[in-house]
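Undergrad: The structure is given below, and queries will be raised subsequently.
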Amino acid sequence: LAARSKLDLLIANRVYRTHSLLRRTLSTAYNTLVNLFFRTGLRDHQAGFKVLSRRAAEIILVRRTRTNGLAYDTEVIVWAKKHGLRYRAINVVWREQRAGSTIPPLRALITMFADLIMLRLLTLARKYVALQKLVVGRIIELSNIHTIGQEFMTVIRASELKKHLLDLLRRLYIVVAFHRR
């Protein structure tokens, strides 16, 4: 379907879910917030089922995604939109194979909100927040002293105020998600 439609990203839209009222309410609020921040036009940003073209995978998965948390699926969609990739949602019936969520709703809400704020800051114009990729290590073949790979670290260039906000969000995320201070 994705190849025939010349789409870069095919996204599941779960039309039938057997979640609790609280989880459905939180999901609706989250998806509304995502649409306010990023204007994706989608109703479901959290479904784990996605099909990516090779081009989309190279742009989004290799070069762009930063989170491996609860907002990962949202981040994939946001970067697709930001890079002008063609995407479409298809309705699916989604049945969970496990009973209930293993993450407390309040913790999930706070960590996902922090991820959204971080993603919003990263998608703003480069004059506000910019990512810089730095080489922090090299893999060198000793037989001919030839570099065969590199390790990178991404740093954020931003104003002092935004750096403090990002640091505050990072600390909040760690405290809530991992119960650490």
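With the numbering used here as the guide, the letters of the sequence shown map in order to residues 1 to 181.
Just so you know, even glycine gets a beta-carbon here, dropped at the ideal spot from N, CA and C.
The structure presented is a predicted model; accordingly, all values stated were derived computationally and were not measured.
#1: Report the CB separation of I148 from I139 in whole angstroms; it is logged as a contact under 8 Å.
#2: Quick check: the Cα distance between V136 and D167, rounded to an integer number of angstroms?
#3: Taking all protein chains shown into account, do 16 or more other C-beta atoms lie within 10 angstroms of the C-beta of Y30, making it buried, or fewer, making it exposed?
#4: Please name the residue in Y16, R55, S20 and L172 whose C-alpha comes closest to that of Y87.
#5: Are the beta-carbon atoms of A12 and F38 separated by less than 8 Å?
#6: Which of the three DSSP states is assigned to K81 in this structure?
#7: Can you tell me which of the three DSSP states T74 falls into?
#8: With respect to the alpha helix (DSSP H) encompassing I110, which residues constitute its N-terminal and C-terminal limits?
#9: Looking only at its chain, what residues have a beta carbon closer than 7 Å to the beta carbon of K82, apart from the 5 residues adjacent to it on each side?
#10: Quick one: grab the DSSP three-state call for A89.
#11: Thinking A71 and L119 are a contact (beta carbons under 8 Å), I'd like their distance in whole angstroms, please.
#12: To the nearest angstrom, how far is it from the Cα of S5 to the Cα of G84?
#13: So the candidates are L142, A108 and L61; which of them puts its Cα closest to the Cα of L22?
#14: Assign T28 to one of two classes, buried (16 or more other C-beta atoms within 10 Å of its C-beta) or exposed (fewer than that).
#15: State yes or no: is the C-beta of W94 within less than 8 Å of the C-beta of R24?
#16: Sort E75, S143, D8 and L172 by Cα distance to L106 and report the nearest one.
#17: With which residues is L9 paired in a DSSP beta bridge?
TA: Put simply:
#1: Between the beta-carbon of I148 and that of I139 there is about 5 Å, and that keeps the pair under the 8 Å contact cut.
#2: Each residue's Cα considered, the two are about 21 Å apart.
#3: In summary, Y30 is buried, with 16 or more beta-carbon neighbours lying within 10 Å of its beta-carbon over all protein chains present.
#4: Comparing C-alpha distances from Y87 to each of Y16, R55, S20 and L172 shows the shortest one belongs to R55.
#5: Contact flag unset, no.
#6: Note: K81 maps to helix in three-state DSSP.
#7: In the structure shown, T74 sits in a helix (DSSP, three-state: H, G or I).
#8: Per DSSP, I110 is one residue of the alpha helix (DSSP H) stretching across P105 to T123.
#9: Annotation for K82: T123 place their beta carbon closer than 7 Å to its own, counting only its chain and skipping 5 residues before and after.
#10: Reduced to three states, the DSSP call for A89 is strand.
#11: At roughly 7 Å, the Cβ-Cβ gap stays under 8 Å, so A71 and L119 are in contact.
#12: Answer to the nearest angstrom: the Cα atoms are 16 Å apart.
#13: When L142, A108 and L61 are compared, the shortest CA-CA separation from L22 is found for A108.
#14: By the beta-carbon neighbour count (other beta carbons within 10 angstroms, threshold 16), T28 is exposed.
#15: R24 sits away from W94, with the two beta carbons spaced by 8 Å or more.
#16: When only C-alpha atoms are compared, the closest one is L172.
#17: DSSP lists L52 and Y87 as partners of L9.
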